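Oh and the sequence shown: position 242 is 242 in our numbering, straight run, nothing missing.
A short worksheet on the structure shown next.
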Amino acid sequence: MACTNGTAALEIAISALGIGLGDEVIVPDFTFVATASAVLYAGAMPIPVDVNPGTYCIDPEKVKAAITPRTKAIIAVHVAGHPADLDRLQEIARIHNLFLIEDSAHAHGSEWKGHKVGSIGTIGTFSFQASKLMTAGEGGMVVTNSEDLAVRIRSVHDCGRMPDQWFYAHFINGSNYRLSEWQGAVLNQQLNRLDGQAAIRSRNAAYLNKTLPEIKGIQPQKLDARVTRHGQYCYIFRYEKSAFKGLSREKFIEALAAEGIPTQASYPPIRLLDVFQNGEFRRRLLPEHAASDFSFLKKSSPVSEDAAESTVWLVHRTLLGDEGDTAQIVDAIKKIQQHAGELVA
Ligand SMILES: Cc1ncc(COP(=O)(O)O)c(C=O)c1O
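Structure representation (structure tokens):
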């Protein structure tokens, strides 16, 4: 079901699943705000947990530890296009009777053991915002294999209407989340080139995975062996400033830009966002839920914090060139390392 954007896609998914006041949804601490804000928008509490230090995707064991009687769902984010551990998350969801939502905003065409992400959990959501692998400026999509949920999703996104019913009959409390047809036409054309572009990005990412670890202080996102395609919304690596004479990550990114290599910012941990630290989030919750301690807000998520401070995100268009173009990325990083002392000074 196409919809207005990826945030709306999550809001629709949560509403269609009947998640709301008094409920909790476990989300990764290292993600874009929408993964959590869509939960809060429904009056439920997002519970951020830490991520895996290799893939930066939600850590299933941390999910397990955060389950309470209020928990209704888990939202997994496929960070930069790398699928979260869907085997373990599905198992946990099954045992604890939880919904699994795949926030696939980064992961158009990514595959887990040969299956496209978004199609594995209860519901998958996508974004077609301007930075994404497919875009119509804005846009989003909700996918499910359940016929019943598909009907609810369609209804939530179209003012509570139901199939084959009168235009002014409204059966549930929906909203208007409809995508325009011209945006759909633009996206349909992009779907035709998604596979071809994904193959180019995969080839260039494989080159970087092979060559970047040769540079001291650069550690690419780890590829889980069960991933059959990483869509490479971004190419992430961890930057260790001690190997660059203490050059800050921000100065390193500036130097990369000067070499013609664009990056985009890493995410601050969800937990540390103002809306959670200043208490504003409590206004969306039931009073007895809002009065909870939510002690996780005072604890640390070491991996998410490190990822926020130390990862560098190369944007996907840098991976659409040939091997020579990709080698320039490696050369630029080596050059920055060679001149790190001067840059620090
Ligand atoms: C992980 C994640 N989820 C959800 C969204 C929300 O998508 P949109 O910007 O289309 O609302 C984004 C990005 O923009 C995202 O990166």
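Where is the CB? At the ideal position from N, CA and C, for every residue including glycine.
Computed from a prediction, not measured in an experiment: that's the story for all the values here.
How would you label residue 21, buried or exposed, when you count the other beta carbons within 10 angstroms and need 16 or more for buried?
-> By the neighbour-count rule (16 or more Cβ atoms within 10 Å), residue 21 is not buried but exposed.
What's the gap between the Cα of residue 192 and the Cα of residue 183?
-> 15 Å
Ligand 1 heavy atom lying under 7 Å from the CB of residue 188 | Distance from the C-beta of residue 188 to the nearest heavy atom of ligand 1 is not below 7 Å.
Residues near residue 89 by beta carbon distance below 8 Å, same chain, minus five either side | Cβ neighbours of residue 89 beyond the five flanking positions: 58, 60, 63, 74, 76, 100 and 121.
Look at the alpha carbon of residue 156 and the alpha carbon of residue 230, and state the distance between them as a whole number of angstroms.
-> 31 Å
Run of the beta strand (DSSP E) containing residue 235, from where it starts to where it stops | 234 to 239
May I ask you to check if the CB of residue 77 is nearer than 7 Å to at least one heavy atom of ligand 1?
-> In this structure, residue 77 has its CB closer than 7 Å to one or more heavy atoms of ligand 1.
Say the cut is 7 Å; is the CB of residue 136 nearer than that to a heavy atom of ligand 1?
-> no
Buried or exposed: where does residue 269 fall if 16 or more other Cβ atoms within 10 Å of its Cβ makes it buried?
-> It is buried - the Cβ of residue 269 has at least 16 other Cβ atoms within 10 Å.
Would you say residue 304 touches ligand 1, meaning its beta carbon is less than 7 Å from a heavy atom?
-> no
Name the one or two DSSP bridge partners that residue 27 has.
-> 48
For residue 227, which residues of its own chain have a beta-carbon under 6 Å away from its beta-carbon, when the five flanking residues on both sides are left out?
-> Within the same chain, residue 227 has close Cβ partners 83.
Which residue or residues does DSSP assign as beta-bridge partners of residue 140?
-> 3 and 127
State the DSSP-derived secondary structure class of residue 218, mapped to helix, strand or coil.
-> strand
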